[in-house]
Amino acid sequence: MQTQTLAGLATTLGLEFEGDPKLELRGIKSLETAGPEDLSFLKSPAQRAKMLATRAGAVILHPKQAEQAPCAVILAEQPYLAYAQATHLFVQRPRLPLGQHPSAVVAESARLGEGVAIGPRAVIGEGVEIGARCSIGPGVTIEEGCVLGSDCDLHANVTLYFGVSLGDRVRIYSGAVIGADGFGYVPLGKEWLPVAQLGTVRIGSDVHIGANTCVDRGSAEDTVIEDHVVIDNQVQIAHNCHIGEGSAIAGCTGLGGSVKLGKRCFIGGGVGIADQLELCDGTQVALMSVVSQSVRSPGAIASGTGQMPMRDWRRNVVRFKQLDEMARRLSALERS
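If you count the sequence shown from 1, you need to add 895 to reach my numbering.
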């Protein structure tokens, strides 16, 4: 962790502060666990009691909460946003040394930009183009014909299949697989005939893709992820999907083939979206939902059964099985 002074941190964030300008802050922790050398933040008034009891050296909070704080404060109209920006001032991620590790294999026809770092046992195929200042982690495989923009960061054991393209500042976490064949098969007697996947994957700039996520190549047209998309761990993006700019997809979600997400959609964790559906700009899908119809107007949707005590759930399961009979009886009563 890098040390920051209260004044220096506030100045960098472009915010006002109250307290000792020379106060040294060595990290960021929650209100409950922060100590005198830590920065914390008050996300909402609901955390007021935790803030009053905190031992933090300084807290980021809304100006309306400043008088109640027991420590130094940094004043922000959007405390959570200011906290997110502050995290980047403390972090010190390990970086690969510039150049190519002796155990890496790089094809002679590959073109590497200035300041590229290639880690141990990485494999770079024929005709690959890697932009300036990219970091290629240990065990990464980049197959022939892939193109990476500048400042990309591929963590350990990422795989880019042939012909995949990335924009600038793309970050892909360990174990992700981009460009494998989509799940396309046709029954042929007792066997399954695979459909050749003729497209590829095109990923825009400022995209983050989580660990062990899979993005399949298109069957005929490309699978596309537009700029500023963030995708969590263990997400499945099937062939021919198109993810609109600024969308976010939480973990363990699966998108069927040819799903089209509009711009700035939010898909909660554990969601399933059936093949061929379109979700318009601004769609929000609650966690564990199953989406079986296209969404034409923006808003929030949900499906499934919410959490309830087991005893209530068992009774409701029995009643669910009785719905058809109850509907017939109600119709008969209405006709009488």
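For every residue, glycine included, the Cβ atom is placed at its ideal position computed from N, Cα and C.
It is roughly 31 Å from the alpha-carbon of glutamine 1131 to the alpha-carbon of proline 1204. For serine 1045, same chain residues with a beta-carbon under 8 Å away, outside a window of 5 residues either side, are Gly1008, Gly1026, Ala1027, Arg1028, Cys1029, Asp1063 and Arg1064 in chain order. In the same chain as histidine 1123, and ignoring 5 residues on each side of it, the C-beta atoms closer than 8 Å to its own belong to Gly1099, Ser1100, Asp1101, Val1102, Glu1140 and Gly1141, in chain order. Across the structure, leucine 910 and isoleucine 1126 are spaced so that their CA atoms are roughly 30 Å apart. Threonine 1108 carries a coil assignment under DSSP once its states are collapsed to helix, strand and coil.
Glutamate 1121 sits buried, since 16 or more C-beta atoms from the chains shown fall within 10 Å of its C-beta. DSSP places threonine 982 inside the alpha helix (DSSP H), whose first and last residues are 974-985. When Trp1208, Asp1207 and Asp1176 are compared, the shortest CA-CA separation from glycine 1194 is found for Asp1176. Serine 1153: not part of any beta strand (DSSP E); DSSP gives it neither H nor E.
Between the alpha carbons of histidine 996 and histidine 957 lies a gap of roughly 48 Å. Between the alpha carbons of glutamine 942 and glutamate 972 lies a distance of about 16 Å. When C-alpha distances from alanine 977 are compared across Gln987, Arg988 and Phe936, the shortest belongs to Phe936.
Excluding its 5 nearest sequence neighbours in each direction, lysine 917 has C-beta neighbours in its own chain below 8 Å: Thr900, Leu901 and Ala902, listed in chain order.
When C-beta atoms of the segment 1047-1055 are compared with those of the segment 1029-1039, three or more pairs fall below 8 Å, so the two segments count as touching.
Assigned with DSSP and collapsed to three states, arginine 1214 falls in helix.
Between glycine 1167 and valine 1190, the C-beta gap is not smaller than 8 Å, which leaves the two residues out of contact. A direct Cα-Cα distance of roughly 15 Å separates glycine 1105 from glycine 1074.
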